[in-house]
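K.L.:
If you read the sequence shown in numbering that gives the first Met the number 0, its first letter stands for residue 0, the second for the next number, and so on. Using N, Cα and C, we set each Cβ at its ideal position, and we do this for glycine too.
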Amino acid sequence: MVLVTAPSGRPVMDPSRLSERRRRALSERVPLRPMTSEYKEQALQRFDSVESELRQISRWMFDHPELGYQEFESSRRLVDFLRSRGFEVEYPAYGMETAFAARTGTTGPEVVICAEYDALPEIGHACGHNLIATAAVGAGHVLSGFAGELGIKVTVLGTPAEEQLGGKIDLIEAGAFSGAAAALMVHPATKDVLDPRALAVVHLDLEYHGKAAHAAATPQVGINALDAFVQAYVNVATLRQHFYPTDKVHCIITRGGTAPNIIPDYTRSSWYIRAATMERLDQLSGKVSACFEAAATATGCTWDTRQLGQPYAELISHPLLSELFDENARALGRQMMRGSDLPPGEAGSTDMGNVSQVVPSLHPMLDIHSLPAVNHQAEFAAHTITPAGEQAIRDGALGMAWTVIDLAEQDLWDGLRPGTS
Ligand SMILES: [Zn+2]
Ligand SMILES: [Zn+2]
0 MVLVTAPSGR PVMDPSRLSE RRRRALSERV PLRPMTSEYK EQALQRFDSV ESELRQISRW
60 MFDHPELGYQ EFESSRRLVD FLRSRGFEVE YPAYGMETAF AARTGTTGPE VVICAEYDAL
120 PEIGHACGHN LIATAAVGAG HVLSGFAGEL GIKVTVLGTP AEEQLGGKID LIEAGAFSGA
180 AAALMVHPAT KDVLDPRALA VVHLDLEYHG KAAHAAATPQ VGINALDAFV QAYVNVATLR
240 QHFYPTDKVH CIITRGGTAP NIIPDYTRSS WYIRAATMER LDQLSGKVSA CFEAAATATG
300 CTWDTRQLGQ PYAELISHPL LSELFDENAR ALGRQMMRGS DLPPGEAGST DMGNVSQVVP
360 SLHPMLDIHS LPAVNHQAEF AAHTITPAGE QAIRDGALGM AWTVIDLAEQ DLWDGLRPGT
420 S
């Protein structure tokens, strides 16, 4: 038996330094066996053998960011890696050109490891999905070495278009998660957070239709669709006083008129509405909708909204998966915070939320030491190719692989939600 130590060289947190609250929380957890698995040692060696290749793929993705559902080259490179390591790969998969399912292992519970690889317009991999993708294929490769011996099936699932269009929601509906006992992924961030909050969100376009006219000579016959937008924006800004900290509404103008001397007869804006739960999202959407309608009434415009994709649900991190990952992350030198330790409003959204509603899921955030740069800034993208950024590939891959090894070796499948294993 081999004792696993932190390969990063960072000190493993001494339990005596934990706060009383933290110690109490730990003592209430499921007792775990010490981390002495030979499979975990093998996992380290298997990861070491591909680490430089994974970094190259991540750096290639950094240099060639592709938007949601256009991730043709990124998905192909990930598929090439997995095929060359003996995975059976379905690509394209589930009716999506840039989705893939790479499978290994023939019997036992199925673990799905999610790879995201879409980027953001103009700021590239500013959410670090190049690290998510390479950590996922790294974990898959590691586990493929002994999936048969562990009696598990491993699927690395390529999940397109996380940033806006919710590829995972289409994948759920197409059955990609129907046999899964657990679904795992990691996400780069500015903190190590075991079970982050992620808000429910709906994405929609708002349109106002008015009437064009000469803006100086005959404005009295015009109906101003830009006024309607501005009124809607101000109505929502007024509503904000009554928001919960987890209610978020934000927008951009995508069509604001054509020329200053023409009364705009059409405007379009793109809005995200977020809330702690789907239930609250429904309530908040009703209030925001009233703001939109009031602006139409005030200006004489007509209006409509068009929803983009399906709403993302709030994220539920499965306690057992979190527990196991926490221990493994500590062995890798990461001291994970709990989502509940953060201000409630410090949260984004993810289509992994929808997965977590149907399959026991894990979605920890891994610190890439980018501060003051934060997610969705170009500077954050630059940090994904630094040593601290690339450490997240290693810690993400090994943290997930070791968590799956714990599930299999300790036969903890019953601890996952009934009916899914
Ligand atoms: Zn992201
Ligand atoms: Zn993002």
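Is cysteine 113 a contact residue of ligand 1, with contact defined as CB to any heavy atom under 6 Å?
P.N.:
Translated into the one-based positions of the sequence shown, residue 113 becomes position 114. Result no, Cβ not under 6 Å from ligand 1.
K.L.:
Going by the C-beta, is cysteine 250 closer than 6 Å to any heavy atom of ligand 1?
P.N.:
Within the sequence shown, residue 250 is the residue found at index 251, counting from 1. Every heavy atom of ligand 1 is 6 Å or more from the Cβ of cysteine 250, so no.
K.L.:
In chain order, what are the residue ranges of uninterrupted alpha helix (DSSP H) at least 4 long that sit wholly in the stretch 124-158?
P.N.:
Taking only runs of at least 4 residues, the alpha helix (DSSP H) segments lying wholly in the stretch 124-158 are 128-143, 146-149.
K.L.:
With respect to 6 Å, is the separation between the Cβ of cysteine 300 and the closest non-hydrogen atom of ligand 2 below this value?
P.N.:
The sequence position of residue 300 within the sequence shown is 301, counting from 1. Outside the cutoff, so no.
K.L.:
Could you give the residue range of the beta strand (DSSP E) that holds tyrosine 311?
P.N.:
Here the question's residue 311 lines up with position 312 in the sequence shown. Residues 301-311.
K.L.:
Should glutamate 148 go down as buried or exposed, given a rule of 16 or more other Cβ atoms within 10 Å for buried?
P.N.:
Indexing the sequence shown from 1 puts residue 148 at position 149. Glutamate 148 is exposed by the Cβ-count criterion.
K.L.:
Check whether the stretch 133-148 and the stretch 392-399 are in contact - that is, three or more C-beta pairs closer than 8 Å.
P.N.:
Flag = yes, the stretch 133-148 and the stretch 392-399 touch.
K.L.:
Cβ-heavy atom distance between cysteine 290 and ligand 1 below 6 Å?
P.N.:
Here residue 290 is taken as the residue at index 291 of the sequence shown, counted from 1. No, since every heavy atom of ligand 1 falls outside the 6 Å radius drawn around the Cβ of cysteine 290.
K.L.:
Could you tell me which residues DSSP puts in a beta bridge with methionine 364?
P.N.:
For this step, residue 364 is matched to residue 365 along the sequence shown. The partner list for methionine 364 (beta bridge, DSSP) reads His186, Val192.
K.L.:
Please state whether the Cβ-Cβ distance between proline 64 and alanine 132 is less than 7 Å.
P.N.:
Along the sequence shown, read from residue 1 onward, the residue named residue 64 stands at position 65. Along the sequence shown, read from residue 1 onward, the residue named residue 132 stands at position 133. No.
K.L.:
Give the range of the beta strand (DSSP E) segment to which lysine 451 is assigned.
P.N.:
With the chain covering only 0 through 420, there is no way to say anything about residue 451.
K.L.:
Output yes or no for whether 7 Å exceeds the beta carbon distance between isoleucine 261 and alanine 211.
P.N.:
Position 262 of the sequence shown holds residue 261. Position 212 of the sequence shown holds residue 211. Yes. Within cutoff.
K.L.:
Grab the span of the beta strand (DSSP E) containing arginine 337 for me, first residue to last.
P.N.:
Here residue 337 refers to the residue found at position 338 of the sequence shown. First-last for arginine 337: undefined, no H or E at that position.
K.L.:
Have a look at isoleucine 222 and isoleucine 252 and give me their C-alpha separation to the nearest angstrom.
P.N.:
Numbered from its first residue, the sequence shown carries residue 222 at position 223. Numbered from its first residue, the sequence shown carries residue 252 at position 253. Isoleucine 222 and isoleucine 252: Cα-Cα distance of roughly 18 Å.
K.L.:
Quick check: does the Cβ of alanine 70 come within less than 6 Å of any heavy atom belonging to ligand 2?
P.N.:
Taking the first residue of the sequence shown as 1, we reach residue 70 at position 71. Correcting the residue identity first, residue 70 is glutamate in this sequence and not alanine. Not so, every heavy atom of ligand 2 lies at least 6 Å from the Cβ.
K.L.:
If you draw a straight line from the C-alpha of leucine 130 to the C-alpha of serine 288, how long is it?
P.N.:
Reading the sequence shown from its first residue, position 131 is the one you call residue 130. Reading the sequence shown from its first residue, position 289 is the one you call residue 288. Going from the Cα of leucine 130 to the Cα of serine 288 covers about 37 Å.
K.L.:
Quick one: any contact between the stretch 104-123 and the stretch 156-174, if contact means 3 or more CB pairs under 8 Å?
P.N.:
Output reads yes: the stretch 156-174 touches the stretch 104-123.
K.L.:
Given 6 Å as the limit, tell me if glutamate 162 has its C-beta closer than that to any heavy atom belonging to ligand 2.
P.N.:
Locating residue 162 in the sequence shown gives position 163, counting from the first residue. Under cutoff, so the answer is yes.
K.L.:
Quick one: what's got a C-beta closer than 7 Å to leucine 225's C-beta in the same chain, skipping five residues either side?
P.N.:
Along the sequence shown, read from residue 1 onward, the residue named residue 225 stands at position 226. Contacts found: Gly255, Gly256, Pro263, Thr266.
K.L.:
Helix, strand or coil: how does DSSP classify tyrosine 232 here?
P.N.:
For this step, residue 232 is matched to residue 233 along the sequence shown. Three-state result, tyrosine 232: helix.
K.L.:
Can you tell me where the alpha helix (DSSP H) with leucine 314 in it begins and where it stops?
P.N.:
For this step, residue 314 is matched to residue 315 along the sequence shown. Here leucine 314 belongs to no alpha helix (DSSP H), and DSSP marks it neither H nor E.
K.L.:
Return the first residue and the last residue of the beta strand (DSSP E) that arginine 279 is part of.
P.N.:
To locate residue 279, count along the sequence shown from 1; it is residue 280. Run containing arginine 279: none in the beta strand (DSSP E); it sits in the alpha helix (DSSP H), 277-298.
K.L.:
Does the Cβ-Cβ distance between leucine 314 and alanine 231 come in under 7 Å?
P.N.:
Here the question's residue 314 lines up with position 315 in the sequence shown. Here the question's residue 231 lines up with position 232 in the sequence shown. Cβ atoms of leucine 314 and alanine 231: not closer than 7 Å.
K.L.:
Give the secondary structure of leucine 370 by DSSP, where H, G and I count as helix, E and B as strand, and everything else as coil.
P.N.:
For the purposes of this step, residue 370 is taken as the residue at position 371 of the sequence shown. Reduced to three states, the DSSP call for leucine 370 is coil.
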